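Protein chains in written order, with the numbering used here: chain V, 1 to 449; chain R, 1001 to 1161.
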């Protein structure tokens, strides 16, 4: 979930140019750096015996690992937690997340605390090779040593699992990552900001560091680096739009600290919607984190949003969050012209309204992030796939409509919902967005599990 | 009048365009396999197939279905000649009260048409949205597995080996 999924020809061209032109320098620099950094054989493998770690430290490591969302990337679909193997699509190829259980051969069983510290802070593996920044060390470099050590204690007390991740299928050689790092990687801790209180500072530390929120919520440049000047201005993740978490947020209802805590810990807030797509596992993880930590995250994010664009529009009476009725007009019972099979209004009234009108069961769509954000992708995804609670857990269900509605009907409905509830300019090219989402879903269906 | 293609037959239906497909199937076409459960697309008892995808007929208005191929459990076989999934559900005795079973079969059919050899995990994930209150889930999963095996082992002439 650290990687934008969109592909574009220009990226490939840029990449090819970089590969050719920068290769000589890259290899020289990178090999030198890597050799210098290598510690393989220097550090003694630690005992992975559970008894060798303080239980309080392990417990702290557990919640920190949850904030870091380690399990999401380092677990294959239906695989053993932390045993790796999950495919992470990037614009440059596919990277397979590694096994971070303490298995001696295939996991990190031989890693010392300083090996993990170095991986987190400098982005190199135990052998000193550069790690691809799909592992978000551009954020993890900010994590304090004591927190990394707690995560180490937690990981080393998990059951070792023998599982080797498939080989990466990526165009960029590791050596080129050295150049990438020299351009974009800024190692080191973030200094505390005396102008803000301790909670805000803790929140920033978690958001910019371990939480690596920007990995999805910040747009990336052509070489896959986050654009610092647009931090938290909205990005993408696994085909989903990751909405802006700064003042450009389009959410019509103000994201208060309380609402953020509710959303992050339960995966739902009535004024914004459900944590879906790549955000679902984040909220699931945060449900197991002490509330004080989530509260700090919320304090910082709420401060970053301030009086966001969407909330200002609401206050100015432009959006229905100001109190306009969201009930169907002319009402569910009004006649429908049978000849217009792809009429968005008719589809809404006969299909969506029974749950979404006035937020009777589903969220009122004038509050939904998916109708009010800048792109239609999330709304289309939710219609196609629905929203389902994770296996074995209760939760609200939005049924999938990918079989019921054809492409033209979906596009018409999306256009209608935007016009009716988005209170923002219409989206362009909805038809091709629908087709793209269907292609992506079909390829996900075919992936082996 | 709205034209619906159900189980390969064309029907002219005189009903309000926003009538849920389930009501038309049961009340007008007398196809009583699909059941009314929750009426909100949450339980799956009403599941049918539209163009090969599992669809909740209780929340799908008929006017969006013009020209689409609708398949109900009646379209998979008869009591005398049950289809592979129907036969597998019988062989595994996968029904207790039976209320969810037509929906279960149609959801499974959509999977097997797309992927005749799903893994056990894929079957579980695909069947997850369909509810059974009696608790015959293990038999239902076995029945889908059995049907998949039967289809895979079928000879080119269609007869089982």
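From the three backbone atoms N, C-alpha and C, an ideal C-beta is built for every residue, glycine too. Just so we're clear, the structure is a prediction, and the values are computed from it rather than from any experiment.
query, result
"Contact list for the region 385-411 of chain V against chain R, Cβ threshold 7 Å", "388, 391, 397, 399, 402, 403, 404, 405, 409"
"Rounded separation between residue 109/V and residue 156/V - CA only", "7 Å"
"Within 8 Å, strictly: CB atoms of residue 1065/R and residue 1021/R", "yes"
"Segment contact flag, the region 370-378 of chain V with the region 237-253 of chain V, C-beta cutoff 8 Å, min 3 pairs", "yes"
"Coarse secondary structure for residue 1073/R, derived from DSSP in three states", "helix"
"Residue 1012/R at chain A interface by Cβ criterion, 8 Å", "Here the protein chains are V and R, and chain A is not one of them."
"C-beta neighbour in chain R for residue 78/V, strict 8 Å", "yes"
"Chain R contact residues for residue 336/V, given Cβ-Cβ distances below 9 Å", "1016, 1017, 1018, 1061, 1063"
"Euclidean distance between Cα positions of residue 1134/R and residue 1085/R", "20 Å"
"Validate contact between the region 298-308 of chain V and the region 256-263 of chain V using beta carbons, cut 8 Å, 3 pairs", "yes"
"Chain R residues whose Cβ lies nearer than 8 Å to that of residue 274/V", "The premise fails here: residue 274/V is roughly 15 Å from chain R at the closest Cβ pair, so nothing lies under 8 Å."
"Proximal residues of chain R, C-beta to C-beta of residue 351/V below 8 Å", "1059, 1060, 1061, 1064"
"Residues that residue 346/V contacts on chain R, provided the C-beta gap is smaller than 9 Å", "1017, 1018, 1061, 1063, 1064"
"Partners in chain V for residue 1002/R, counting only beta-carbon separations shorter than 7 Å", "338"
"Residue 1023/R at chain V interface by Cβ criterion, 8 Å", "no"
"Which listed residue (129/V, 89/V, 143/V) has its alpha carbon closest to that of residue 67/V", "143/V"
"Min CB distance residue 1121/R to chain V below 8 Å", "yes"
"Residue 231/V versus residue 1110/R - alpha carbon distance", "43 Å"
"Residue-level contact to chain V via CB, residue 1042/R, 8 Å cutoff", "yes"
"Nearest to residue 126/V (by Cα), restricted to the options 112/V, 136/V, 139/V", "112/V"
"Closest by C-alpha distance to residue 106/V, when choosing among 228/V, 273/V, 82/V", "82/V"
"Of the residues 297/V, 337/V, 195/V, the one placed nearest residue 205/V, counting alpha carbons only", "297/V"
"Positions along the region 1123-1138 of chain R whose CB lies within less than 9 Å of some CB in chain V", "1124, 1125, 1128, 1129"
"Within 8 Å, strictly: CB atoms of residue 1073/R and residue 1034/R", "yes"
"Selection from 335/V, 290/V, 367/V that minimises the alpha carbon distance to residue 65/V", "290/V"
"Close beta carbons around residue 435/V, own chain, < 7 Å, minus the five adjacent residues each side", "407"
"Residue closest to residue 278/V, alpha-carbon to alpha-carbon, out of 295/V, 72/V, 163/V", "72/V"
"Three CB pairs or more closer than 8 Å across the region 82-100 of chain V and the region 160-171 of chain V", "yes"
"Of the listed residues 411/V, 417/V, 421/V, nearest to residue 429/V (C-alpha basis)", "411/V"
"Unbroken stretches of the alpha helix (DSSP H), 4 residues or longer, contained in the region 269-296 of chain V", "279-286"
"8 Å Cβ shell around residue 347/V - same chain, five flanking residues per side excluded", "405, 409, 412, 413, 416"
"Residue burial classification, residue 195/V (beta-carbon count within 10 angstroms, cutoff 16)", "exposed"
"Proximal residues of chain V, C-beta to C-beta of residue 1054/R below 8 Å", "403"
"From 378/V, 420/V, 432/V, 349/V, residue whose alpha carbon lies closest to that of residue 948/R", "Missing from the structure shown is residue 948/R; chain R here goes from 1001 to 1161 and no further."
"Beta-carbon proximity of residue 101/V to residue 159/V, cut-off 8 Å", "yes"
"Buried or exposed (CB count within 10 angstroms, at least 16 for buried), residue 1101/R", "buried"
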